[in-house]
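**Q**
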Amino acid sequence: MTTRTTFLGLGAMGSALAVAALDAGRPTVGWNRTPHRAQVLGERGATVADTVEDAVAGDGVIVACLYDHESVHQVLDPVVARLSGRTLINLTTTTPNQARELAAWAAEHGIDYLDGAIMAVPAMIGGPGSALFYSGSTSVFDEHRALLDLWGESSYFGTDAGLASLQDLAMLAGMYAMFAGFLHGAAMVDSVGVPATEFASRQAPFLAAMTGSFAHVAAIIDAKDYAGEGQQSLEFTQAALDSILQASIDQGVSVEVLRPVRDLVRRQIAAGFGKQGSDRIFEELRNTR
Ligand SMILES: NC(=O)c1ccc[n+]([C@@H]2O[C@H](COP(=O)([O-])OP(=O)(O)OC[C@H]3O[C@@H](n4cnc5c(N)ncnc54)[C@H](OP(=O)(O)O)[C@@H]3O)[C@@H](O)[C@H]2O)c1
Numbered sequence: 005m006t007t008r009t010t011f012l013g014l015g016a017m018g019s020a021l022a023v024a025a026l027d028a029g030r031p032t033v034g035w036n037r038t039p040h041r042a043q044v045l046g047e048r049g050a051t052v053a054d055t056v057e058d059a060v061a062g063d064g065v066i067v068a069c070l071y072d073h074e075s076v077h078q079v080l081d082p083v084v085a086r087l088s089g090r091t092l093i094n095l096t097t098t099t100p101n102q103a104r105e106l107a108a109w110a111a112e113h114g115i116d117y118l119d120g121a122i123m124a125v126p127a128m129i130g131g132p133g134s135a136l137f138y139s140g141s142t143s144v145f146d147e148h149r150a151l152l153d154l155w156g157e158s159s160y161f162g163t164d165a166g167l168a169s170l171q172d173l174a175m176l177a178g179m180y181a182m183f184a185g186f187l188h189g190a191a192m193v194d195s196v197g198v199p200a201t202e203f204a205s206r207q208a209p210f211l212a213a214m215t216g217s218f219a220h221v222a223a224i225i226d227a228k229d230y231a232g233e234g235q236q237s238l239e240f241t242q243a244a245l246d247s248i249l250q251a252s253i254d255q256g257v258s259v260e261v262l263r264p265v266r267d268l269v270r271r272q273i274a275a276g277f278g279k280q281g282s283d284r285i286f287e288e289l290r291n292t293r
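The opening position of the sequence shown corresponds to residue 5 in the working numbering, with each subsequent residue numbered one higher.
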């Protein structure tokens, strides 16, 4: 028999996770701080709990999808005495150290803890392209794999509970930097009246093609082979970035996004690496402790 799954937090994402469990025929309990957000889930057949105490009173796995690390403690600390021996899967976005703190807190109270990070928007949950990262308890990941796989492709990164969120935030770092670059380009062409939609139609396929080189760049980084043949040199990249920055300034566009990139390149050249490949800026970014 499928044991029940209790969802704490029925915001946009928590509701999508709970609906996927419900639609798969799993007995589902939901609780939300603001009760009206639990109504839709209740109408679909879930048990709606009035309080966190009621929600966690039974058996089965507990899934938290709340706003942030602090809200997880605000919801779970008052009921921690009831959680000993239970399984908690926390899909709330946290930093790696916040995930580790929650794992330590869980261990202290006899709770089996799996941390997760969601690489999808609510509408994607259970559909193509949805991926979730996990770290923490191996046995929770293995035993509850059928539940996890309802939401998307499940990947497990190891027993260090911070690893899923580290992978998540590393992916988002690339995404935010890319969007900022797109907005910079859109601001450049906006200066001569080109609509962002028109610019996007050219930028999207270009960036998609550029990401095709990630594997090659990654091989250079892993091999620390910045002096190898065929790489775009730091000097070449500086010239390109100088042109982009000057064109931006000429068009009255802020260079806040691109200046730090140009500065990284400049520092590498000043350190004597101008003839080496531009991917060498990775050496300045990485943790060298
Ligand atoms: N939406 C996405 O695309 C997406 C993608 C990946 C990851 N996530 C992560 O999923 C988590 C939930 O996101 P969401 O999109 O569902 O956000 P949301 O719609 O804003 O829902 C936030 C949830 O947290 C609850 N909450 C906030 N503070 C609380 C507190 N102090 N005590 C009790 N409950 C509290 C809210 O309750 P009330 O309804 O009472 O306010 C609500 O249930 C976040 O960590 C987010 O980063 C979201």
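Where a beta carbon is used, it is the ideal one built from N, C-alpha and C, also for glycine.
Residue 172 and residue 137 look like a contact to me (Cβ under 8 angstroms); what is the Cβ gap, rounded to whole Å?
**A** Translated into positions along the sequence shown, residue 172 becomes position 168. Translated into positions along the sequence shown, residue 137 becomes position 133. Sure, about 6 angstroms apart at Cβ, within 8 angstroms.
**Q** Can you give me the Cβ contacts of residue 102 inside the same chain, cut-off strictly under 6 angstroms, excluding the 5 residues immediately before and after it?
**A** On the sequence shown, residue 102 is found 98 positions in, with the first residue counted as 1. The residues are 73.
**Q** Less than 8 angstroms between the C-beta atoms of residue 116 and residue 92, yes or no?
**A** If you number the sequence shown from 1, residue 116 lands on position 112. If you number the sequence shown from 1, residue 92 lands on position 88. Yes; because the gap between Cβ atoms is below 8 angstroms, this pair is in contact.
**Q** Kindly indicate which residue of 109, 106, 127 and 148 has the alpha-carbon position closest to the one of residue 15.
**A** For the purposes of this step, residue 15 is taken as the residue at position 11 of the sequence shown. The shortest Cα separation from residue 15 among 109, 106, 127 and 148 belongs to 127.
**Q** Do residue 16 and ligand 3 come close, with the Cβ less than 7 angstroms from some heavy atom?
**A** You won't find ligand 3 in this model; what it holds is ligand 1.
**Q** What do you reckon, are the CB atoms on residue 53 and residue 95 nearer than 8 angstroms?
**A** Indexing the sequence shown from 1 puts residue 53 at position 49. Indexing the sequence shown from 1 puts residue 95 at position 91. Not in contact: residue 53 and residue 95 (Cβ atoms no closer than 8 angstroms).
**Q** Taking the beta strand (DSSP E) that residue 67 belongs to, which residues open and close that run?
**A** By one-based count along the sequence shown, residue 67 stands at place 63. From DSSP, the beta strand (DSSP E) with residue 67 extends over 65 to 68.
**Q** By how many angstroms is the C-alpha of residue 123 removed from the C-alpha of residue 157?
**A** Position 153 of the sequence shown, counting from 1, holds the residue named residue 157. Position 119 of the sequence shown, counting from 1, holds the residue named residue 123. Near 10 angstroms, if we compare the C-alpha coordinates of residue 123 and residue 157.
**Q** DSSP three-state label for residue 178, please.
**A** Sequence index remark: in the sequence shown, residue 178 carries index 174 (1-based). The answer is helix: DSSP assigns residue 178 an H, G or I state.
**Q** Nearest-angstrom Cα distance between residue 209 and residue 159?
**A** If you number the sequence shown from 1, residue 209 lands on position 205. If you number the sequence shown from 1, residue 159 lands on position 155. For residue 209 and residue 159, the distance between alpha carbons rounds to 28 angstroms.
**Q** Cβ atoms of residue 235 and residue 270: under 8 angstroms apart, would you say?
**A** Mapped onto the sequence shown, residue 270 falls at position 266. Mapped onto the sequence shown, residue 235 falls at position 231. In this structure, residue 235 does not lie closer than 8 angstroms to residue 270 by Cβ.
**Q** Below 8 angstroms on the Cβ atoms is my contact criterion, and I expect residue 140 with residue 107 to pass it. Report the Cβ-Cβ distance as a whole number of Å.
**A** Translated into the one-based positions of the sequence shown, residue 140 becomes position 136. Translated into the one-based positions of the sequence shown, residue 107 becomes position 103. About 6 angstroms; that satisfies the 8 angstroms criterion.
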